[in-house]
Amino acid sequence: MARGAPLHENDGVRTVLRTIAWCLALVALAMIAGGVVLDRIAAEQHVSDADSWWLYPFLVAAVSAPAVVGALIVARQARNPIGWILVVGALSLAIVLAASPYASVALQAHPGSLPGGSWAALVSSLWPVFFAWPLAVTFLFPDGRLPSRRWRPYALFAGSAMTLLMVALVLADELEPPFADVANPVSLRFPDTLGFLRPLAWLSVFASLIAGAAAVRVRYRRSKGIERLQMLWLAYAALLIPLGIVWFLVWSLAVGEAGAGEAVVAVLLGMEAAVAIAVGVAVTRYRLYEIDRLINRTVVYGVLTASLGLVYALVSLLGGVAVGRGSTWVTALAVIVVAAAFGPLRSRAQAAVDWRFDRARYEGLRRVRAFVDDVREGRREPEEVGTVVASALRDPSAELLFRLPASDAYADRLGAVVVKPVGDGRAVTSVEHRGQEIGLLRHKCALLDRPDLLRSILDASSLAIEIARLRVEVRLQLAEVEASRAKVVRAGYEERSRLERDLHDGAQQRLVTLGIRLRRMQRSLPREAQILGPALGSAVDEVGEAIEDLRTIAAGVRPPRLDEGLAAALADLVRAAPLPIDLEATDARLPEEVEAAAYFVVCEAVTNAVKHGSPSRVRVEAIVADGALQLVVVDDGSGGATIGQGSGLVGLADRVEAQGGTLLIHSPVGAGTRIEVEIPCES
Amino acid sequence: MRIVIAEDTVLLREGLAGLLEDAGHEVVARAGDAEALMAVVAEHEPDLAVVDVRMPPDYEDEGMRAAADIRREHPHTAVLVLSQHVETRYALELVGAGGFGYLLKHRVLDVDDFLDAARRVSEGGSALDPEVVATLLSPQPRDDTLAGLTPREREVLALMAEGRTNAAIAKRLWLTERTVETHVRSILGKLGLPVSGDDHRRVLAVLTYLRASTV
C-alpha cells in the first residue's frame, strides 16, 4: 500500500518535487514530439521508412503514459519511488527514441546539419533502457519497497544486469541498426571481451525480468483487499506480453516478413503504455475496483473470439467439403452461423467464467439479480434487500441501514432510526447509487478482503436499496405527519378541557356567587322594602338560567362526564337528545383521546342525523373488539349522507384518522345512514 | 347547626356562609383547601361540612376525597359536597353510606331546598342532586325493570333517590301522603326491594339498586 506523505512534511518541499516531476514529464513529451518531427524530415529524404507513420501514436503513448502517470503519482505521493521511476523511465525512453531520428537527420538526411550525430546514434543504440522502469516496478510496486529483505539480492542483481547491458552497448564495437556503419565515438575496441559481455548482459536482464515476475506473484499471493486489486492491475497489463506475441505471430502470417519488425516494436511500445496506465490506476486507486470486471471481460471475449473462430473454421471446412471450395454460399453460411451463435455463446462464456473464477460472487450476484427481478414483478418487497444482500455475501450478521437525507440519520427496514451507526465490531461500508450515499452496510470484517465482491453485490442491489430507502423514508415521513396530526387533535382536546374548566370554575362560580348575593338580599329585605322581593327573585331566576346556558355550552365544549368514561358521557348525550336513542356502550376505560374522539363522533353523527335525515330512532353501539373501539351509529332517516357537502362528517373523519382509525359511511338515499368507526386502542 | 365551609373561591365561600348564617346556623370555620378542611374538622367536630369538590392544589376531586376521609374519621360530621358538574364516581358510594349529600353548586340558589338538604344530611340522611338521579334513571337497554314503572312511579322514585321523605314527596307532587305510600310500596315491589318504614334505609336500598343497574 502506498505510503502517504508524513504529516510534518513541508508543503514547500512537496511543491518543488511536484514541479520537478512535471518538468521532467514535459521534457520527455517535448523530446518525443521533436523525435517525430525529425523522423518526418528524415522520411522526406527516404532515409526512414515513410510508411511507418502509424507507429507514431505508439511511440507517443509509450512515453506520455509513464510520464503523465508518474507525474500524477508524484503529485499525490511525492515520496513514493514508483512515480519517480515512471517519470525518469519515460524521460530516458524519450531520449533514446528521439536520438534515432536525430542521428538519421544529422548523419544521413542532411549530413552536417546537426552536431553530435554519432553521439546520437550511440544513445539510440541504448534502446533496451525500455525494459528498465518496468523491471524496477515489478520489484517495487506498489509501495516502493521490496516484498521482503530476501529480495534485496535479486533486486541488486537486476540493477546490475541492466547497468551491465547499458555499459556493453555503450562500449560496443558496432552500434545497433540502422547505425551499424556509424563509428562508435567511445568504443574501447576490445571485440573479444565485448563479444561475450553483451549476450551475458541480455541473459541477466531476462533472468531479472523472470525474478521480477516472481516478485509480483509473491506479492499477489500475500496481498489482501486493495493491494490484491493493485497487483491484479499490474498482472493484467503484464498479461499483454503473451497476447502481444500472439498478435505479432498473426500479424507476421498476414503481412509477411515486411512489417514484422515494426509490429514487434508497436507491441512492446503499447505494452509499456498499458503497464504505465495500470500502475497509475493501481496507485491512485482511480477505478481500482474495475479490474475484476476487466479481467473477466477480457477472458470472456477471448474465449468467445476463439470459439467463434472455431465455429467459422468448422462451417467453412464442412461447407467446402459439401459444396466445393471457394463458394460464396459457404462463406455466407459460416457468417450466419457465427452471428447466430454469438448471443448464446456470449452468455454461456460469461456464466462459465464467472462460475470458474469467482464462485462466491457468481452465486451472490445470481441471488441479487433474481431478487431484483422479483421486486420488479412485485413478487417480493424491496425492503427485503438487506436480507438478500446478507445471504449473497454469506454474512448473516450483515445489516443494511437506509440513509435519511433530511435528518442525516439512518433507518433499518422497519423504520427504526439510528443516528450515528457504529459497527459493533463489524466493518461499515457506504452504499452509493448514482454518486449519492443511500445507506450503510455493517458486515463482518473478513469481507474487507473482498472489496470487489462487496462492491459488485452492492452495485447490483443498489436500485433495490434505493427503492427500499425511498419507501422507508416515505413511511417515516407519513408516520411523522400522522403523529403531528394526532398531536394537533390532542392539543384540541386539551384546549377544550381547559375551556370547560374555565367555564365551570370561573364564570359559573361568579354567577353562583352573584345569585347567592341577590338571594340573600331578597331574603333580608326590611318589611318596608318587600316590594322589591319578586324583582330580586326573578333576577335570581335569570342568573339560574344563565348558569344553565353556561353549563350547556361547557358540556358542548367537553362533557365533564367523559372523565367517568365513554359510557357515562354517551348516556348523558342520549338523555339530552331530542329523539329516542338506543345505546349500548362499553364500560371499559379507553385512552382519553379515543374516548373523546368516539364521543364527538357520536355527537356529530346524531346531530347530523337529526338535522338532515329526520329519523324516528337512532341506535348507537360502542364495543371493544379486536383491540379496537368499534363504533356504530345507525338511523332510519332519509340517508344520502356523504363526507362532502359541508357536513360535519369531514371533521369526524379527521378526528378518527388522527387516532389511526377508519370511518365508513353507508347512506343509500331513502334507507337510513350507517356510520361505522374503528379506532385502535391498546386494551 | 355548627358548620365548616371548604371553598377556595373567597366570594362564594362568604356567600355560602352568609346564606347559612342567615338561616340561623353557626359557621365555625372556613377553609380554602382540603388540608385546612381536615384540620378545622378535627378541631371543631362540626355537625356539617359544606365542601367544594375542586380545590387547590390540583383542582381535581380533592373535596370528594376529603369528604370520604371525614366520613370515615369523624362519623358525627356529615358532609354536603357541592360540585360544578355531575360526577357520579365517588358520590354514589358515599350517599349510600348516609350522612352525605351531593348537590350541584347552583342548587344553592334554591335556598330552601339547599337548607333542607343540609338538615337531612346532618341528621344522617342523604341528598342527591336531581341531575345525578336522572343519570341513574335513564333507560338501560339491558334492564327493563325500570321501564316497567309508570311515569308517576318514576317521579316518586326520583324524589326518593334524592333523599326526600314521603311528606316532602307528597308536597312536591301535590299528592296525599297515603298515595305516595302506595306508590312507594308498588315501586319497591317492582324492584324487588324490602318495604321499610325508615326513610333513610329505603333511600339506601333504592340507590344501591340503581347503582347496581347502571354502573
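If you're matching them up, the sequences are chains P and R in order. Count the first sequence with this note's numbering and you get residues -10 to 672, in order. Count the second sequence with this note's numbering and you get residues 4 to 218, in order. Glycine is no exception: its CB is placed at the ideal position from the N, C-alpha and C atoms. It should be emphasised that the depicted structure is a prediction, and the values quoted were computed from it without experimental measurement.
Contacts between residue 536 of chain P and chain R, judged by CB atoms closer than 7 Å, involve 109 in chain order. In the DSSP assignment, residue 186 of chain R falls within the unbroken alpha helix (DSSP H) covering 180 to 194. In the displayed model, residue 422 of chain P falls within a strand according to three-state DSSP. For the options P:355, P:416, P:459 and P:363, the alpha carbon positioned closest to that of residue 404 of chain P is the one of P:459. Within chain P, the residues placing a beta-carbon under 7 Å from that of residue 137 of chain R are 564, ordered along the chain.
With a threshold of 8 Å between beta carbons, residue 76 of chain R makes no contact with chain P. Of all alpha-carbon atoms in P:402, P:125, P:406 and P:388, the one lying nearest the alpha-carbon of residue 419 of chain P is that of P:388.
For residue 454 of chain P, the closest Cβ of chain R is not nearer than 8 Å. Within 10 angstroms of the beta-carbon of residue 540 of chain P lie 16 or more other beta-carbons, which makes it buried. For residue 662 of chain P, the beta-bridge partners assigned by DSSP are P:624.
Only 87 and 88 from the stretch 77 to 88 of chain R bring a Cβ to less than 7 Å from some Cβ of chain P. Residue 37 of chain R sits close to residue 9 of chain R, with the two beta carbons spaced by under 8 Å. Classified as exposed, residue 275 of chain P has fewer than 16 neighbouring CB atoms from the shown chains inside 10 Å of its CB. About 7 Å separates the CB atoms of residue 552 of chain P and residue 90 of chain R; that is less than 8 Å, so the two are in contact. Across the structure, residue 164 of chain R and residue 139 of chain R are spaced so that their CA atoms are roughly 9 Å apart.
For residue 21 of chain R, the C-beta contacts it makes with chain P under 7 Å involve 509, in order along the chain. Chain order gives no chain P residues near residue 101 of chain R, where near means a beta carbon separation below 7 Å; the closest approach is about 23 Å. The C-alpha of residue 79 of chain P lies about 32 Å from the C-alpha of residue 441 of chain P.
Three or more pairs of CB atoms, one per stretch, sit closer than 8 Å, so the stretch 108 to 119 of chain P contacts the stretch 164 to 175 of chain P. Among the bridge pairs identified by DSSP, residue 123 of chain P is matched with none.
At a cut-off of 8 Å, the C-beta of residue 122 of chain R has no neighbouring C-beta in chain P.
Contact annotation: the stretch 65 to 80 of chain R touches the stretch 39 to 54 of chain R, with at least three C-beta pairs closer than 8 Å. Here DSSP, grouped into helix, strand and coil, assigns residue 651 of chain P to strand. In terms of Cα proximity to residue 12 of chain R, the closest of R:33, R:4 and R:116 is R:33. Residue 567 of chain P is positioned such that its CB atom lies closer than 8 Å to that of residue 599 of chain P.
Less than 8 Å separates the beta-carbon of residue 48 of chain P from that of residue 86 of chain P. Here residue 122 of chain P is not near residue 70 of chain P, since their CB atoms are 8 Å or more apart. The shortest CA-to-CA distance from residue 477 of chain P to any of P:646, P:654, P:427 and P:31 is the one to P:646. Put simply, of P:355, P:358 and P:430 the residue whose alpha carbon is nearest the alpha carbon of residue 385 of chain P is P:430. Straight across, the Cα-Cα distance linking residue 27 of chain P with residue 94 of chain P is about 7 Å.
The beta-carbon separation of residue 70 of chain R and residue 54 of chain R, rounded to 5 Å, stays under the 8 Å limit for a contact. Per DSSP, residue 55 of chain R is one residue of the beta strand (DSSP E) stretching across 51 to 55. The count of Cβ pairs closer than 8 Å, one atom from the stretch 435 to 455 of chain P and one from the stretch 512 to 527 of chain P, stays below three, leaving the stretches out of contact.
Straight through space, the alpha carbons of residue 161 of chain R and residue 136 of chain R are spaced by roughly 6 Å. Judged by beta-carbon spacing, residue 486 of chain P lies within the 8 Å limit of residue 547 of chain P, meaning their Cβ atoms are closer than that value. Under the 8 Å Cβ criterion, the stretch 98 to 107 of chain R does not count as touching the stretch 177 to 186 of chain R, having fewer than three qualifying pairs.
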